[in-house]
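If you're matching them up, the sequences are chains A and B in order.
Offset between the first sequence (1-based) and the numbering used here: plus 835.
Offset between the second sequence (1-based) and the numbering used here: plus 835.
Glycine is no exception: its CB is placed at the ideal position from the N, C-alpha and C atoms.
Shown next, in structure tokens, is the structure this report addresses.
There are 2 protein chains.
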Amino acid sequence: MTPLILVTNDDGVHSPGIIALFKAMKEIGDAYIVAPDRERSAVGHALTLHRPLKVEELRENVFSVNGTPTDCVALAIHKILPKRPDLVASGINRGANLGDDITYSGTVSAAIEGTILSVPSFAISLVGDKPFHYETAASFAVEIGRYILDKSLPYDTLLNVNVPNAQKRDMINGIKITRQGKRVYDSAIQEIYSPWGDKHYWIGGGKPYWEHGEDMDIQAVLDNYVSVTPIHLDLTNYEALEYLKKIWKQS
Amino acid sequence: MTPLILVTNDDGVHSPGIIALFKAMKEIGDAYIVAPDRERSAVGHALTLHRPLKVEELRENVFSVNGTPTDCVALAIHKILPKRPDLVASGINRGANLGDDITYSGTVSAAIEGTILSVPSFAISLVGDKPFHYETAASFAVEIGRYILDKSLPYDTLLNVNVPNAQKRDMINGIKITRQGKRVYDSAIQEIYSPWGDKHYWIGGGKPYWEHGEDMDIQAVLDNYVSVTPIHLDLTNYEALEYLKKIWKQS
Chain A
836 MTPLILVTND DGVHSPGIIA LFKAMKEIGD AYIVAPDRER SAVGHALTLH
886 RPLKVEELRE NVFSVNGTPT DCVALAIHKI LPKRPDLVAS GINRGANLGD
936 DITYSGTVSA AIEGTILSVP SFAISLVGDK PFHYETAASF AVEIGRYILD
986 KSLPYDTLLN VNVPNAQKRD MINGIKITRQ GKRVYDSAIQ EIYSPWGDKH
1036 YWIGGGKPYW EHGEDMDIQA VLDNYVSVTP IHLDLTNYEA LEYLKKIWKQ
1086 S
Chain B
836 MTPLILVTND DGVHSPGIIA LFKAMKEIGD AYIVAPDRER SAVGHALTLH
886 RPLKVEELRE NVFSVNGTPT DCVALAIHKI LPKRPDLVAS GINRGANLGD
936 DITYSGTVSA AIEGTILSVP SFAISLVGDK PFHYETAASF AVEIGRYILD
986 KSLPYDTLLN VNVPNAQKRD MINGIKITRQ GKRVYDSAIQ EIYSPWGDKH
1036 YWIGGGKPYW EHGEDMDIQA VLDNYVSVTP IHLDLTNYEA LEYLKKIWKQ
1086 S
């Protein structure tokens, strides 16, 4: 039976990244887009609870929602798709989702929501600047999507994929399985003034500094590999749990 | 030297929960509030990048920001506080933050941002319904804040604290160190119609169903204990990493 694939993102339903991913997923299944009506970057795993959401069918198999990527996945799975999807594919994001930054990422959060709802999921992002070569990333999306449909994924685990922004696939060294890297510091907050002279702050524009290390996602893309990181939703620090149990006086 | 403590939340600067936490943190340090100007629940780890943010000093040591909890922590640490804080305390949230739900939580995300910026952090939430007994949770906040200031926390790790909504502290059995629980399913999405007859969807109102198990956060609060879960920011599934490394053909 042809697998059903949900495609979403956080750059919005009209972005070139989602169009490339949609085309790629059509090679391996019945693909549907359910995506935000406009850009919702850095929204994290936000869910819209304070207002109703509107779904619009733009064309065959393509729906837009005036909400977040997480809203899109929840609505798609529970209300929009003809049956439960076999795969959630989120992206192709315009820009990296590496290290701690994944906690801010709408792209990765869509894959987290898929995983919470027990659908195998991956997020895919392009690392680099304009011009973006979505076709290169799309060809890896086909490979990874096919792998997941074939072998599934470990319990409670999604794949976070980052692809170097190379013009052609054969300019990339291959795929590396990695661990989540660590961003050390990025303090960039601009101070700006309104037309009325009030000070405001604008977050962004900093250069992240990364811890480097073997197996890290950031290192893999620097070495011109596709980074594939298995991410799980159990955030418990089990070492700390054992440690704290021993020393906390159970009051 | 008196420690400096940043107090924030996602229910907004005027909520009774943050006032109770502020008062509690003043018992153990120089406390400052930097919090959203209004409720920002279920915003996840959202960072506002598309517009400037305005900070208002409401009264001594109390600031409001027209942004998310994550914005508040970043601005406080980099721009507002007189020096780097020794502790970030986020809450007291009106309602539980247990299991997978922490990925949606603005309250927990504030503590995640503190941890990313290398400040020991905890999030504290009241489990139950109105009327909320913030003083009970506040007394545990003092105990936990003091513990963290004294002993610090493991690398990259915060504490997610959930307190049963008991009228008095002695009605609670004590503190349990727990692991993150697992919410199984909550499909509640209402279908409603606009005044013009358009169908809309409204997410929410469902009854979560929980996996139960030893050491789980949800079980501890059901047993009338304060649940303290050590959460870390490295989401890598290391078992899956080893497994995938073995089987993935490095193309």
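Taking the runs of the beta strand (DSSP E) that are 3 residues or longer, which of them lie wholly in the stretch 935-1004 of chain A?
-> Runs of beta strand (DSSP E) with 3 or more residues, each lying fully within the stretch 935-1004 of chain A, are found at 956-962 and 992-999, listed in chain order.
Nearest CA to the CA of Pro955(B): which residue from Pro838(B), Glu1077(B) and Leu1079(B)?
-> Pro838(B)
Coarse secondary structure for Thr883(A), derived from DSSP in three states = coil
Distance, Ile937(B) Cα to Asn1008(A) Cα | So the alpha carbons of these two residues sit roughly 37 Å apart.
Cβ neighbour criterion (16 or more within 10 Å) applied to Gly892(B) | This sequence places Glu at residue 892(B); Gly is not what is there. Exposed: under 16 other Cβ atoms inside 10 Å.
Stretch pair the stretch 1035-1045 of chain A + the stretch 1067-1074 of chain A: three plus CB contacts closer than 8 Å = no
Provide the residue span of the beta strand (DSSP E) that contains Gln1015(A), from first to last.
-> First-last for Gln1015(A): undefined, no H or E at that position.
Does Ile1027(B) have its Cβ less than 7 Å from a Cβ in chain A?
-> Ile1027(B) counts as touching chain A.
Count the other CB atoms within 10 Å of the CB of Tyr1073(B); is the residue buried (16 or more) or exposed (fewer)?
-> Flag for Tyr1073(B) reads exposed.
Spell out whether any CB of chain A is found under 7 Å from the CB atom of Gly980(B).
-> no
Tell me whether Ala924(B) sits in a helix, a strand or coil according to DSSP, three-state version.
-> Reduced to three states, the DSSP call for Ala924(B) is strand.
Note down, in chain order, each residue of its chain lying with its Cβ closer than 7 Å to the Cβ of Asp872(A), except the 5 sequence neighbours on either side.
-> Gly847, Val848, Ser899, Val900 and Asn901
Per DSSP, Leu1053(A) is paired with what?
-> Contrary to the premise, residue 1053(A) reads as Ile rather than Leu in this sequence. Ile1053(A) is not bridged to any residue.
By Cβ distance below 6 Å, which residues in the same chain neighbour Leu1079(A) in space, the five residues on each side in sequence not counted?
-> Short of 6 Å from the beta carbon of Leu1079(A), and not among the five residues preceding or following it, lies no beta carbon of its own chain.
Any chain A beta carbon closer than 7 Å to Ala924(B) | no
When you compare each of Ser850(B), Glu1026(B) and Ala931(B) to Arg886(A) by their alpha carbons, which one comes out closest?
-> Glu1026(B)
If we call anything under 7 Å between Cβ atoms a contact, is Pro851(A) one with Tyr969(A)?
-> yes
Using a Cβ-Cβ cut-off of 7 Å, state whether Asn1000(A) counts as contacting chain B.
-> no
Segment contact flag, the stretch 993-1008 of chain A with the stretch 944-964 of chain A, C-beta cutoff 8 Å, min 3 pairs = yes
Reference Val977(A), options Arg1004(A), Lys1081(A) and Lys965(A), closest by Cα | Arg1004(A)
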